[in-house]
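Residue numbers (the numbering used here): -6 to 213.
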């Protein structure tokens, strides 16, 4: 079971709660058709900017929340008729490296979730059983599937984990902190394997509960 309190000490959450934004009305949120389960939350103080997350509401603090993927900004210049038109949900900017300011705390949560749950991933279990030797295997982002027997682009490799005697050893998971990117020009936003994505959403929900409790305590 993932322990969010291990990576998010109470003093950090209290720090978050002290930086609550004030708004006369809650930010409007819309769902994504391109990325199932993704939400766009209107930024309360920056017009045409959006907070991205896998939760249906914005966090109580915009200064710090591991539940937010990042902040989406408008394109600095619209693409010309000669440029390839980037895919985008209606009414919001496309999610590209140049439009998304990544939240490093969200990525830390992603890797914590993977490490805690990678042994339960059915596909990796099957792959591990088919390997005849002890070795490390890559865990790849599914936004740009690589051809069989070919290593994916480094920016699409989340990390690696040891397979020993046909079993995935979750404690050996090592994140690819050097090259992995939450969003790429070609593949778009991160797409975790379904099982790990579900665990990530569960973790975000648990973090949000703690954040909201800390915010209420700070306001009391």
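Yeah, the Cβ is synthetic: ideal placement off N, Cα and C, and Gly gets one too.
Please work out which residues of its chain come closer than 6 Å, Cβ to Cβ, to residue i, disregarding the five sequence neighbours upstream and downstream, and give them in chain order.
i: residue 23; result: 33
i: residue 15; result: In this prediction, residue 15 scores a pLDDT of 36, lower than 50, which makes its location untrustworthy; the coordinate-derived value is nonetheless stated afterwards. Within the same chain, residue 15 has no close Cβ partners at all.
i: residue 8; result: Because the pLDDT of residue 8 is 41, which lies under 50, any placement of that residue in the model is unreliable, and the number read from its coordinates should be weighed accordingly. Closer than 6 Å at Cβ, skipping near neighbours: no residue.
i: residue 31; result: 25
Return helix, strand or coil for residue i, following the three-state DSSP convention.
i: residue 201; result: helix
i: residue 210; result: helix
i: residue 188; result: helix
i: residue 60; result: coil
i: residue 50; result: coil
State the beta-bridge partners of residue i as determined by DSSP.
i: residue 35; result: 43
i: residue 128; result: 156
i: residue 150; result: 133
i: residue 182; result: 176
i: residue 144; result: Bridge partners of residue 144: none, in fact.
i: residue 93; result: 65
i: residue 168; result: 152
i: residue 161; result: 156
Do residue i and residue j have their C-beta atoms within less than 7 Å of each other?
i: residue 188; j: residue 167; result: no
i: residue 150; j: residue 131; result: yes
i: residue 114; j: residue 59; result: no
i: residue 83; j: residue 127; result: no
i: residue 65; j: residue 43; result: yes
i: residue 88; j: residue 175; result: no
i: residue 210; j: residue 53; result: no
i: residue 111; j: residue 161; result: yes
i: residue 93; j: residue 63; result: yes
i: residue 184; j: residue 135; result: yes
For residue i, is the beta carbon positioned less than 6 Å from some heavy atom of the ligand GTP?
i: residue 162; result: As far as ligands go, the structure on display features none, and thus does not contain the ligand GTP.
Excluding five sequence neighbours on each side, which residues of the same chain lie with their C-beta closer than 7 Å to the C-beta of residue i?
i: residue 146; result: 137
Once you ignore the five residues that flank residue i on each side, which residues in its own chain have a CB closer than 8 Å to its CB?
i: residue 164; result: 108
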